[in-house]
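K.L.:
This structure is in structure tokens; I'll ask about it shortly.
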Amino acid sequence: MTDRRSVLRAGTLAMAALAASAGIPAANAAPPGPGSGAAGTAAGPADTPAQALERLRAGNDNWVNDRVTHPRATPTRRSDLSTHQEPFAVVFSCIDSRVPPELVFDQGLGDLMVVRTAAHTSDGLVAGSLEYGPAELGARLLVVLGHQRCGAVTAAVKSFREGERLPGHLADIARDLRAPYEEARRLGVPADRLVEETVRAQTRRTVAQLRSDRLLCPLVRAGKLDVVEAYYSLDSGAVTFSTPGR
């Protein structure tokens with residue numbers, strides 16, 4: 577005897593197949609998910625530094641206005657990138673857990689090469705990592721991203737003002753932040769602005785160093801790369817950009 581449940585299941589499958597062949601979505605079909613390739617997730621070109629910057633601006637606008645698309649996060653995209661990578665931008669940012677560049681700029685798998693250290697402090701190993709994207713992979717943009725209320729800078733500024741050495745390798749981070757701290761002090765900013773101005777001074781100094789880097793400078797001069805300063809607001813989610821000398 578034919579089971580009634582089997583008959584109903586067969587009938588349901590037949591109706592679903594008929595609807596699919598006619599291009600009619602099933603009533604209980606899930607809507608396209610993030611990164612599915614649905615309309616609104618397509619990326620613009622990034623063949624020039626200006627185009628790369630515009631992509632990041634557009635992505636951040638999505639983030640600020642709660643319309644992120646989480647693009648290019650499909651198994652197909654993962655498979656396409658299994659043998660190569662071609663990030664259009666490098667982001668050098670802080671390790672702060674509240675500032676993940678891929679989310680802040682609404683970018684997908686393989687779009688960004690991200691290097692993160694506390695208060696984006698650098699040494700030779702970090703510099704080599706930053707050189708790799710533009711020099712070897714053709715990335716068109718390098719963004720140095722500072723952010724509001726940076727914990728590393730806050731700790732360093734506190735140690736400077738109180739004359740106390742930070743423990744362990746945190747002291748190395750503070751040492752690298754001494755110069756931007758002194759720069760901020762020379763500006764005569766009030767005490768409650770000292771942390772933010774130190775962050776901005778650190779970002780400016782890092783951009784200047786990278787623009788004069790032995791491998792990156794020729795790319796900048798040839799118009800194949802730009803190195804820009806950016807600042808992320810924890811309050812609004814917005815990133816503001818500035819380009820030295822422009």
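For the sequence shown, this note's numbering assigns the number 577 to the initial residue and increments by one for each residue that follows. Glycine included, each C-beta is placed from N, C-alpha and C at the ideal position.
#1: What first and last residue would you give for the beta strand (DSSP E) that runs through R692?
#2: What does H745 pair with, by DSSP beta-bridge criteria?
#3: What's the call for S831, buried or exposed, on a 16-neighbour Cβ count within 10 Å?
#4: Quick one: using the 10 Å Cβ neighbour count with 16 as the cut-off for buried, is A606 buried or exposed?
#5: Tell me whether the beta-carbon of V771 lies closer than 7 Å to the beta-carbon of T816.
#6: Under the DSSP definition of a beta bridge, which residues are partnered with Y808?
#7: Secondary structure at A665, three-state DSSP: helix, strand or coil?
#8: Could you tell me which residues DSSP puts in a beta bridge with V803?
#9: Quick check on this structure: which residue in G620, S655 and A695 has the alpha carbon closest to the alpha carbon of Q724?
#10: L791 and E707 - do their beta-carbons sit closer together than 7 Å?
#11: Does DSSP put S735 in a helix, a strand or coil?
#12: Could you tell me the alpha carbon to alpha carbon distance between G744 and V690, rounded to whole angstroms?
#13: Compare the Cα-Cα distances from H646 to each of Y807, A806 and L685 and report the closest residue.
#14: Which whole-angstrom value is the C-beta distance of V702 and L786, which I expect to be below 8 Å?
#15: Is the beta carbon of P663 closer than 7 Å to that of A715?
#16: If you drop the 5 nearest sequence neighbours on each side, which residues of the same chain put their C-beta closer than 7 Å to that of I824?
#17: With H, G and I counted as helix, E and B as strand and the rest as coil, what does DSSP make of R776?
#18: Does the beta carbon of T697 come closer than 7 Å to any beta carbon on chain C?
#19: Using a Cβ-Cβ cut-off of 6 Å (strictly less than) and excluding sequence neighbours within five positions of D802, which residues of its own chain qualify?
P.N.:
The relevant details are as follows:
#1: L688 to R692
#2: For H745, which the question treats as bridged, DSSP gives no partner whatsoever.
#3: No information on residue 831 is available, as it lies outside the stretch 577 to 822 that the chain covers here.
#4: Here the model assigns A606 a pLDDT of 40, short of 50, so the residue's position is not dependable, and the following value carries that caveat. When all chains shown are included, A606 counts as exposed.
#5: no
#6: H723 and V815
#7: strand
#8: L718
#9: A695
#10: yes
#11: Reduced to three states, the DSSP call for S735 is helix.
#12: 26 Å
#13: For H646, the nearest C-alpha among the options comes from L685.
#14: That belief does not hold up - the Cβ atoms of V702 and L786 are roughly 11 Å apart, past 8 Å.
#15: Against a cut-off of 7 Å, the Cβ pair of P663 and A715 comes out as a contact.
#16: Residue 824 falls outside the range modelled here, since the chain spans only 577 to 822, and no answer is possible.
#17: helix
#18: Protein chains in the displayed structure number just one, and chain C is not present.
#19: P625 and L717
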